[in-house]
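According to the working numbering, the sequence shown is numbered sequentially starting from 2.
Take a look at the structure below.
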Amino acid sequence: QPFISKYITSSMTNGPLNNDAAAPPPLPSMMHSFATPVQPLSRLSELKTLCGSPRELWVTFAIKFLDSLANFSMHIILVLYLTQEFAYSDVKAGAVFGAYGALITAYGIGTGLIIDRIGVVKSMYSGVILSLIGRLIMLLVTASTAGQAMLLIALIIVLPIGNSFMFPTMMIAIRRYTVKKNRNFVYGLFYTTMIIAIFVSGPLVDLFRLLLSGDDNILPDGSVEQAKLMYFAWTPYRGILALGVASTVVECILCMFLREIKVEEDEATRTLDTITNESDSASAASTTTSTQLRTSSFVVPKTSPLQSMKNTFRKGSFRRYMMLGIILTNIKVIWRHLDATLPKYMIRKFGVDVPFGSIIAIEPLSIMLSTPIIAFFAENSESLPMVLIGVSVASLSPIFVVIFPNFIWAFCIFLVLFGLSESIWSPRYYSMSVC
């Protein structure tokens, strides 16, 4: 999810697929090009509009939560899973983890074009089904030669393609199910949904490590006998993968409630204006005006893939956004190392009983606590300065781990500051991805 590719892919797919919403006119500077010209609604009005949103919006939120839970819980244990159950070295496990993320970028270019051609519903089904297949393979394979080959197929082909479908499709879906006046608010809720899933993932990992540790099955020679399920050991890591499979099955069921629709912008805007006027009126409580937003079927444009790419790269906003994404690569690297490096590092530094999942959960908790405060004080600030402030804080946060590597409190301070920085810059970066 947090890979730059997903944000870039979501911008690439805002070509022919999103002709229902006109792009804002270009402004003279890069800083102003990311400003939002639409007058936002009051918080009360924004909450009221959610009551009239189509069911597809809530289905998308549910899919996002489940998909994030499956992905981030897997990311936390992936390197440990490869090392402890498939004898991967640190270098090999890290290389596979990195290739998995990099290939989301590569596949995202192609899947972005496919999304343009087949629409939101079919794209969502494609991403969910591929993710289910990939997670099932990871759950069921063993360390045999054939099993290791299947594992690489899942991590190098199936799961990256599935992930490259999911995130941009959900971003486009939310764009379709909202209007300009409440879109930023809904994207904020979308981002919060992902953060809650990340927060839940860490303690769940520790819970599975506790429940499936095998401590009650110590053999006379001192070795540990893991509980068996079918033909493989039922380890904590496979328990987490099983949770991902179950979440994805629920996602498949939820996809059945999606329709290829969009909210009528003009009609919805009139409805939102009515809601705003009622919210400002002393008699708002006695009104009975309907807040249901009107929807209509969306016909997917049959534009050629080549034309889609041309339309995308012609947009100055996309080129500026892509350049900013490249600049932010090193900040993204810190976030990825929370999964790729920190769990194994903490086990070796503090012992196998260290609750690294719960410690990592400090970062999303910091985001959840600080985001409302940042949003309140910086609501009218332009996006680019907020991104620059946020990444500055993020770049300094690891210094505590460097200076005090033997203390868990140093890791906690690092994660608190890194979460604070994320709450400053990441929501603004999200909004840029759908400019």
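Even for Gly, the Cβ is constructed at its ideal location relative to N, Cα and C.
If you draw a straight line from the Cα of ILE162 to the Cα of GLY111, it comes to about 9 Å.
Each of VAL355, VAL264, LEU133 was checked against the Cα of ARG56, and the nearest Cα belongs to VAL264. With respect to SER384, ARG429 sits close: the two C-beta atoms are nearer than 8 Å. DSSP places VAL300 outside both helix and strand once states are collapsed to three, so it counts as coil. Secondary structure within the stretch 85-139: not one fully enclosed alpha helix (DSSP H) run of 4 or more consecutive residues is present. Burial is judged here by how many other beta carbons sit within 10 angstroms of a residue's own beta carbon; LEU211 has fewer than 16 and is exposed. Sixteen is the threshold: since fewer than 16 other Cβ atoms of the shown chains lie within 10 Å of the Cβ of VAL300, the residue is exposed. MET167 sits close to GLY128, with the two beta carbons spaced by under 8 Å. Bounds of the alpha helix (DSSP H) holding VAL402 are 400-404.
DSSP lists THR296 as the bridge partner or partners of VAL264. In the three-state scheme derived from DSSP, where H, G and I count as helix and E and B as strand, ALA379 is classed as coil. Under the Cβ criterion (8 Å, minimum of three pairs), the stretch 118-126 counts as touching the stretch 253-263. Between LYS65 and MET171, the beta carbon gap of about 6 Å places them in contact (Cβ cut-off 8 Å).
For the stretch 311-370, the full-length alpha helix (DSSP H) segments reaching 4 residues or more read 317-328, 330-341, 343-351, 357-361 along the chain. ALA395 sits in a helix when the DSSP states are folded into three classes. Rounded to the nearest angstrom, the gap between the Cα atoms of GLY148 and ALA94 is 16 Å.
Contact check for GLY203 and GLY358: beta-carbon distance about 4 Å, within the 8 Å limit, so the pair qualifies. In this model, GLY53 and LEU190 are separated by some 16 Å (Cα to Cα). Between the alpha carbons of VAL246 and MET387 lies a gap of roughly 37 Å. A residue is called buried once 16 or more other Cβ atoms fall within 10 Å of its Cβ, and MET125 is buried on that count. Looking at SER318, THR143, ILE360, the one whose alpha-carbon comes closest to that of THR236 is THR143.
Within the model, the alpha-carbon separation for ILE197 versus MET369 is close to 8 Å.
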